[in-house]
Amino acid sequence: MDPKAGSDDDQLLLAAVREGSERAFNTLIDRHQQPVRAFLRGITASYADADDVAQETFLATWTQAKAFRGQGSVRSWLFSIAWRKAKGNQRRWFRAARRDTDYHGSLGGDEVSAAPTEERIAVRQALLALPLDQRAAVMLCLGSGHSHGEASEMLGIPLGTIKSYVSRGKEKLRGILGEQS
Amino acid sequence: MSDEKDLRIAGLLHQGAPPSRDPVFRVSVLERREQRRFQRRLYTMLAGVVLILLIAVAAQSLAGPKLERAGALLAAGAIGVACVAFRGSLGQVRKRFSL
């Protein structure tokens, strides 16, 4: 699939959302919910919190569709909204995480996992131990396959910092995998 | 070897990803949007009712043309509140008939 065509299609979709089209809004959610939620699940300790922020992100696209200026892709715009909302909830999550010591409960999603459980838990724990900014950079570049430039744009963090975050995060995760194997 | 590890890392980071099709999530977003709309409408109407009650109470001491004016103000207030509370639906109706 031509990514440019998909991007143009998204812009048309967003234009329709701006006009109040319910169908376009539904399509926009269906098309982008997985990457947005995967990103948020990677940077939060709880899937419920991640999905809560994802819902707020899509609500914001409905109310703020006019704010999209056409610079970059719609998906990048969605990720940047999700990131701002996640940052806003950071303190609340931190308090909740301190109260909730039953950490492993958050790891069991309804999705089928192919990787060994210990390895998965070790990588997730290592990821959650990283500062939020670094976690987001690692999730975008290593988990979702975005370029450093795209991640820099989405997160509003300088390119050099993103590169350093990703490089250090990668080393840490590689180390974890080395220990596990 | 490190490429293999990178692929494994990408796979592991993607482990918690939700399914590509999830109608339940979409319905949850739409439900939340409707709840917000309902709350906004409710607060607008409550504010309007309070305003109309205040005008009605103040109008009790009036008589003659002043009372008529207060009555007109009340009616205009009620219509205004309804328009603000249901502006989304009114916009849709207007769009449909303008086509």
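Read top to bottom, the protein sequences are chains U and B. Residue numbering for the first sequence follows the working numbering, beginning at 1 and increasing consecutively. Residue numbering for the second sequence follows the working numbering, beginning at 182 and increasing consecutively. Ideal placement from N, C-alpha and C gives every residue a C-beta, glycine not left out.
**Report entry** C-alpha distance - B:K276 paired with U:R84, whole-angstrom precision
**Finding:** As a position in the second sequence, residue 276 of chain B is number 95, starting the count at 1. As a position in the first sequence, residue 84 of chain U is number 84, starting the count at 1. So the alpha carbons of these two residues sit roughly 34 Å apart.
Requested in this report: Identify whether B:R189 lies in helix, strand or coil by the three-state DSSP scheme.
Outcome: Taking the first residue of the second sequence as 1, we reach residue 189 of chain B at position 8. B:R189 falls in the helix class under three-state DSSP.
Query raised in the report: Beta carbon of U:A86, beta carbon of B:G197: below 8 Å?
Result: Residue mapping note: residue 86 of chain U aligns to position 86 of the first sequence, counting from 1. Residue mapping note: residue 197 of chain B aligns to position 16 of the second sequence, counting from 1. Not closer than 8 Å, so no.
Query raised in the report: U:E19 by DSSP, collapsed to three states: which one?
Result: As a working mapping, residue 19 of chain U is identified with position 19 in the first sequence. It is coil, neither helix nor strand.
Query raised in the report: So the alpha helix (DSSP H) B:K276 belongs to, where does it begin and stop?
Result: Position 95 of the second sequence, counted from the first residue, corresponds to residue 276 of chain B. Element bounds for B:K276: R268 to S279.
Query raised in the report: Mind pulling the chain B residues with CB within less than 8 Å of U:V166?
Result: For this step, residue 166 of chain U is matched to residue 166 along the first sequence. Residues of chain B passing the Cβ test: none, with the nearest at roughly 11 Å.
Query raised in the report: Does U:G70 have its Cβ less than 8 Å from a Cβ in chain B?
Result: Sequence index remark: in the first sequence, residue 70 of chain U carries index 70 (1-based). False, the Cβ-Cβ gap to chain B never drops below 8 Å.
Query raised in the report: Does B:D203 come within less than 8 Å of chain U when only Cβ atoms are used?
Result: The count along the second sequence starts at 1 and reaches residue 203 of chain B at position 22. It does: the Cβ of B:D203 has a partner Cβ on chain U nearer than 8 Å.
Query raised in the report: Whose Cβ in chain B lies nearer than 7 Å to the Cβ of U:D49?
Result: Counting from 1 along the first sequence, the entry for residue 49 of chain U is found at position 49. What U:D49 touches in chain B: nothing, since even the nearest Cβ is about 12 Å away.
Query raised in the report: In chain order, what residues of the same chain have a beta carbon less than 8 Å from the beta carbon of B:R218, not counting five sequence neighbours either side?
Result: As a first step, residue 218 of chain B must be located in the second sequence, where it is residue number 37. Hits under 8 Å: G269.
Query raised in the report: What residue from U:Q55, U:E153, U:L159 and U:N89 has the CA that sits closest to B:S209's CA?
Result: Within the second sequence, residue 209 of chain B is the residue found at index 28, counting from 1. The option with the nearest alpha carbon to B:S209 is U:Q55.
Query raised in the report: Taking only runs of the beta strand (DSSP E) that begin and end inside the region 192-232 of chain B, which ones reach a length of at least 3 residues, in chain order?
Result: none
Query - Distance, B:G229 Cα to B:A257 Cα - result: In the second sequence, the residue the question calls residue 257 of chain B occupies position 76. In the second sequence, the residue the question calls residue 229 of chain B occupies position 48. Roughly 11 Å separates the two Cα atoms.
Query raised in the report: Does the beta carbon of U:D10 sit closer than 8 Å to a beta carbon anywhere in chain B?
Result: As a first step, residue 10 of chain U must be located in the first sequence, where it is residue number 10. So no, U:D10 is outside the interface.
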